[in-house]
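Protein chains in written order, with the working numbering: chain A, 7 to 347; chain B, 7 to 347.
Okay, structure coming up:
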């Protein structure tokens, strides 16, 4: 494990939001916004206009607060842009839809470097580009004070392409539960950064720029998924949302989780730091894996791993018959990932 | 003019975002969200799904920061909700569209009263309800620190109902310029509040809860408006946006403005405070009037007042041949309303 190099170049004191002004920043940020394939009117007007081929639009909003979801000394501006976009694009994928556009509301201290905001915009545009999506609108406001945290509120729009939306409430007794994507890598990377290290690179990169399995959301919808969400708060917490909204009990199997998901940097970092990698897998958020339920006997789409099944009963989650809360407590974790707190 | 009563009831220290938790607040706020007529999936899932009858969706985002756009001692929670919604719904109207839904990203200190956030949600829902629109999604995050400003990032969606979107860039030489709605009332109300008064009620109410002429946006589009925007930064600044984006010079007539818009509480308050009401009319923002250009000879829809015309020439705005910047300087104002700064 190696010690970090600084991620924050010395800012130009004449190039802050306060000096350049909001309109100046907005025009520079807009220049980095990319181009949305479906935009009829893009950024710069009162509102954007986007074609909706499906006849419906999928829309969600996620807020990232500096010091809570990212730190400017641990993540570059581009990293923050990638991460903020990913958190929202994954929500679109978890409905079975494909992202089409982002809108970004940003509040920041007046001394925030304009170049940092350009970096955030570039990161968002890069995360959107594979879908032909882009930032089509937004607003930047300097807070009254110089101090304070940067707040990024991102809204993502998406298109269902004729699919029925896959909600959290459709799981039925007899369904199987499956996951695609990484679990615990971001939490592992955070543990590394917290100790002052920047390697293994795979763990740190996973924390800085999650790589949600976007295409697997629509694929799961096509395969008949009955319920789905992304893992942003931690597997136990998010499976708990499926159980609560569907009114079912979900039983997970520890062996299925340890066998498939304790991989990549997790064993090495857990050994070096003296932790249990299963804690990251069960409670680590922000990798934005997808967890879904499928009807009994359905063939799981490629890449998905079966981790449990759905039962009649008191809504909740168990791991090998042990309630989720007790499992998390034994691992020394809350069930839900609380970001940096 | 009367002295204010306190707008902030003593908060229950056991009922803050930090104590109740984000999920607790979100469920209480969601209960106030209203119901969107076009929502197929409403709040509470990864994303909302909204029908888009037009085949396109209009989308915009506006950020309000405490201390900059509102003060909790000058505006009730419901006022802040109304105002945040209005700022965005007016942008939708200014494209010629009808609002269909809001999404709200909220960052606040952990000691923010949960009841205050419920009030904001109720205000937003009330502002949306006449359209059959509602809050369909969002996210609430407590900042790491107890201190700091509340940040509200609101995204509005809208439907064009078959109309072509009216951008800021379509004004042509020969067009006439017209306004519908109030100018300067919010700035007048702010001047009243700043002096510690709470009357005249009409001025203070206009600052707390603007009443944009929403229906006049689609009506202007139907009447052939060539360019349109809402007046959120002040008339001179926003007409300046039309001029810049259309590449035209816009000439306004002072007599048309003073004759029609120095009305309601403006003359009385200006006299009492010793100011020029024309300054509020030309540079006051946040009333969200609509300003549009119409082809020569077009019949203006009901309620619109002609205030000038469009010319070939260096893009910019003049009032009776005097450049906007000079007019504003003579009135002791910047061309653009800078909110509380």
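We treat Cβ as the ideally placed atom computed from N, Cα and C, and that holds for glycine.
Give me the chain B residues within the contact set of residue i, using Cβ-Cβ distance strictly less than 7 angstroms, ordered along the chain.
i	result
residue 173 of chain A	47, 51
residue 192 of chain A	Going along chain B, no residue has its Cβ under 7 angstroms from residue 192 of chain A, so there is no contact; the nearest lies around 17 angstroms.
Could you work out which residue in the options is closest to residue i when comparing CA atoms only?
i	options	result
residue 88 of chain A	A:94, A:133, A:104	A:133
residue 98 of chain B	B:242, B:277, B:247, B:220	B:220
residue 303 of chain A	A:315, A:170, A:95, A:296	A:315
residue 214 of chain A	A:93, A:174, A:105	A:93
residue 35 of chain A	A:18, A:140, A:63	A:140
residue 178 of chain B	B:108, B:188, B:231, B:202	B:231
residue 188 of chain A	A:145, A:167, A:238, A:161	A:238
residue 113 of chain A	B:255, B:83, B:154	B:154
residue 195 of chain A	A:276, A:253, A:70	A:276
residue 253 of chain A	A:286, A:312, A:181	A:181
residue 216 of chain A	A:296, A:171, A:161	A:296
residue 268 of chain A	A:74, A:192, A:43	A:192
residue 58 of chain A	B:298, B:166, B:138	B:166
residue 281 of chain A	A:138, A:43, A:17, A:190	A:190
Show which residues of chain A have a CB atom less than 8 angstroms away from the CB atom of residue i.
i	result
residue 188 of chain B	Within chain A, no residue comes near residue 188 of chain B; the closest Cβ sits about 18 angstroms away, beyond 8 angstroms.
residue 163 of chain B	63, 65
residue 145 of chain B	67, 68, 69, 159
residue 142 of chain B	65
Does the distance from the CB of residue i to the CB of residue j come in under 8 angstroms?
i	j	result
residue 212 of chain A	residue 279 of chain A	no
residue 1 of chain B	residue 67 of chain B	The requested residue 1 of chain B is not part of the displayed model; chain B covers only 7 to 347.
residue 245 of chain B	residue 186 of chain B	no
residue 129 of chain A	residue 79 of chain A	no
residue 322 of chain B	residue 249 of chain B	yes
residue 48 of chain A	residue 54 of chain A	yes
residue 156 of chain A	residue 103 of chain A	no
residue 226 of chain A	residue 307 of chain A	yes
residue 174 of chain A	residue 247 of chain A	yes
residue 348 of chain A	residue 110 of chain A	Residue 348 of chain A lies beyond the stretch modelled for chain A, which goes from 7 to 347, so this question has no answer here.
residue 39 of chain A	residue 127 of chain A	yes
residue 22 of chain B	residue 116 of chain B	yes
residue 145 of chain A	residue 69 of chain B	yes
residue 218 of chain B	residue 164 of chain B	no
residue 41 of chain A	residue 108 of chain A	no
residue 208 of chain B	residue 283 of chain B	no
residue 311 of chain A	residue 240 of chain A	no
residue 325 of chain B	residue 71 of chain A	no
residue 31 of chain B	residue 120 of chain B	yes
residue 317 of chain A	residue 255 of chain A	yes
Exposed or buried, what is residue i when buried is set at 16 or more other beta-carbons lying within 10 Å of its beta-carbon?
i	result
residue 91 of chain B	buried
residue 52 of chain A	buried
residue 136 of chain A	exposed
residue 223 of chain B	buried
residue 346 of chain B	Confidence is the limiting factor: at residue 346 of chain B the pLDDT is only 49, short of 50, which leaves the residue's position unreliable, though a coordinate-based value still follows. Classification of residue 346 of chain B: exposed, given that the 10 Å Cβ count is below 16.
residue 29 of chain B	exposed
residue 338 of chain A	exposed
residue 19 of chain A	exposed
residue 122 of chain A	buried
residue 328 of chain A	exposed
residue 82 of chain B	buried
residue 335 of chain B	exposed
residue 264 of chain A	exposed
residue 320 of chain A	exposed
residue 273 of chain B	exposed
residue 292 of chain A	buried
residue 305 of chain A	exposed
residue 261 of chain B	exposed
residue 74 of chain A	buried
residue 243 of chain A	buried
residue 26 of chain B	buried
residue 169 of chain B	buried
residue 125 of chain A	buried
At a CB-CB cut-off below 8 angstroms, which residues of chain B make contact with residue i?
i	result
residue 399 of chain A	Examination of residue 399 of chain A is not possible in this model, given that chain A is present from 7 through 347 alone.
Determine the chain B residues that contact residue i at a beta-carbon separation under 9 angstroms, and present them in chain order.
i	result
residue 149 of chain A	71, 72, 73, 74, 154, 155, 157
Using a Cβ-Cβ cut-off of less than 8 angstroms, list which residues of the stretch 99 to 122 of chain A approach chain B; keep chain order. 100, 101, 103, 107, 109, 110, 111, 112, 113
Pull out every residue of the stretch 55 to 71 of chain B whose Cβ sits closer than 9 angstroms to any Cβ of chain A, in chain order. 55, 56, 57, 58, 59, 60, 61, 62, 63, 64, 65, 66, 67, 68, 69, 70, 71
Tell me which residues of the stretch 218 to 237 of chain B have at least one Cβ-Cβ distance to chain A shorter than 7 angstroms, keeping chain order. If the cut-off is 7 angstroms between Cβ atoms, the stretch 218 to 237 of chain B has 235, 236 near chain A.
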